[in-house]
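In terms of mature numbering (1 follows the signal peptide of the UniProt record, and there is no 0), the sequence shown is residues -21 to -1, 1 to 310. Just so it is clear, CB atoms sit at the ideal spot from N, CA and C, and this is done for glycine as well. Predicted model only: the values in this text are computed from it and were never measured. A quick write-up on the structure given underneath.
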Amino acid sequence: MAAMDLLPLFILLAMCWTAHGTSCYRTCGRQPMAVYRGMSRIVGGTDAQPGSWPWIVSIQTILQRRMVHICGGSLISPQWVLSAAHCFMEARYIPMWRVVIGATQLSHLGPEVQVRRIKQVIVHEHYTDISEGNDIALLELDRPVQCSDYIQLACVPDTSLAVSHLTDCYISGWGSVGLQGQTADILQEAKVQLIDVNTCNSSRWYPGAIFSHNLCAGYREGGIDSCQGDSGGPLACKDNNADYYWVVGVTSWGKGCARAQQPGVYTSTRHFYDWILVHMGQHPGTTPKPRPTESGTVNSYPFLQQKLVELLTQVQELLKALMGKRPSAAG
């Protein structure tokens, strides 16, 4: 077969391999970059590696002629982000806001990052800023994102998930990293413990302030809480039986920063599962939800995928070079 005949085949193969890695179809909770990075989690809050939490987004607006991080969020479908209602109480002109997806360092957005405008914000109809009850919101993006090793959908649990049994939980975000209020440029992550809601609602903690649709996470002695996280950002817990994460909470509020017996308070996503589906235009109980275990074999091994694409690219260049050569004229 001539080189000219082979070239379209190799181009098609390269396109197929590359496209496979960009599909968001029915997958969630995966960390493709963690497969070969062998990442470890350090309790105490530390810089996250690129791709560590591929569903987290930075919600930004213009302040003093520059884009500024306001809140975090979680990508739950190619065109929808889950965040906190209180983030948008003073939002005046939503078209000026943007959502940054796939970023690690906000001051240096790499080629893996995608940026979208906000089409609409849906704040829970029963949200109250006095008690922070029903502190949840949805953002519809102006157009869908493409998934990659750095961008993945979050898994949102329904009421069947026993969240209290999950033990491997993390917060992440670009929010305040200390008492002075300085925000982070590089995405921060920290391991936290889920705290029993009854304990959290007791007289020496947050007496009577915790709703049934809240979660508490941090440490009894303090030291780590959502000060290392971010309003609207995810509280993610690893499934006990498989290698994927559930976004079980949306960062809502807390007293001070990392104080003893005053952990971070989160909106429980399982409690609002039906609300989320309805406002995304789907029907609870009838719409297939993403399954954490459904993933393509190539996209599960991004290093292998990258090498295959590089190989096919080299073959394309070789064939192009061969096609460009012409037989010399007979002397």
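Opposing strand residues paired with residue i [DSSP bridges]
{"i": "residue 168", "result": "25, 151"}
{"i": "residue 54", "result": "60"}
{"i": "residue 213", "result": "229"}
{"i": "residue 85", "result": "In DSSP, residue 85 forms no bridge with anything."}
{"i": "residue 260", "result": "DSSP, once it has assigned bridges, lists no residue as partnering residue 260."}
{"i": "residue 116", "result": "62, 102"}
{"i": "residue 47", "result": "40"}
{"i": "residue 244", "result": "195, 232"}
Rounded separation between residue i and residue j - CA only
{"i": "residue 84", "j": "residue 92", "result": "10 Å"}
{"i": "residue 127", "j": "residue 28", "result": "15 Å"}
{"i": "residue 5", "j": "residue 177", "result": "36 Å"}
{"i": "residue 254", "j": "residue 41", "result": "30 Å"}
{"i": "residue 100", "j": "residue 75", "result": "13 Å"}
{"i": "residue 52", "j": "residue 98", "result": "15 Å"}
{"i": "residue 217", "j": "residue 231", "result": "20 Å"}
{"i": "residue 30", "j": "residue 9", "result": "10 Å"}
{"i": "residue 57", "j": "residue 182", "result": "42 Å"}
{"i": "residue 46", "j": "residue 39", "result": "6 Å"}
{"i": "residue 222", "j": "residue 67", "result": "34 Å"}
{"i": "residue 109", "j": "residue 190", "result": "13 Å"}
Three-state class that DSSP yields for residue i in the structure shown
{"i": "residue 177", "result": "helix"}
{"i": "residue 249", "result": "helix"}
{"i": "residue 7", "result": "coil"}
{"i": "residue 79", "result": "strand"}
{"i": "residue 196", "result": "strand"}
{"i": "residue 204", "result": "Its pLDDT being 46, under 50, residue 204 is placed unreliably by the model, and the measurement read from it follows with that caveat. Residue 204 falls in the coil class under three-state DSSP."}
Same chain, Cβ closer than 8 Å to residue i, neighbours up to 5 away in sequence not counted
{"i": "residue 88", "result": "79, 82, 94"}
{"i": "residue 247", "result": "142, 192, 193, 194, 227, 228"}
{"i": "residue 186", "result": "180"}
{"i": "residue 121", "result": "95, 96, 97, 98"}
Same chain, Cβ closer than 6 Å to residue i, five either side skipped, listed in chain order
{"i": "residue 184", "result": "240"}
{"i": "residue 33", "result": "129, 130, 131"}
{"i": "residue 90", "result": "none"}
{"i": "residue 112", "result": "190"}
{"i": "residue 86", "result": "164"}
Contact with chain D by residue i, beta-carbon distance below 8 Å
{"i": "residue 200", "result": "Of the chains in the structure shown, none is chain D; there is only one protein chain."}
message = Below 8 Å, how does it come out for the stretch 159 to 175 and the stretch 125 to 140: are there three or more Cβ pairs, yes or no?
response = no
ask   = So, do the stretch 209 to 220 and the stretch 44 to 64 have three or more beta carbon pairs nearer to each other than 8 Å?
value = Output reads yes: the stretch 44 to 64 touches the stretch 209 to 220.
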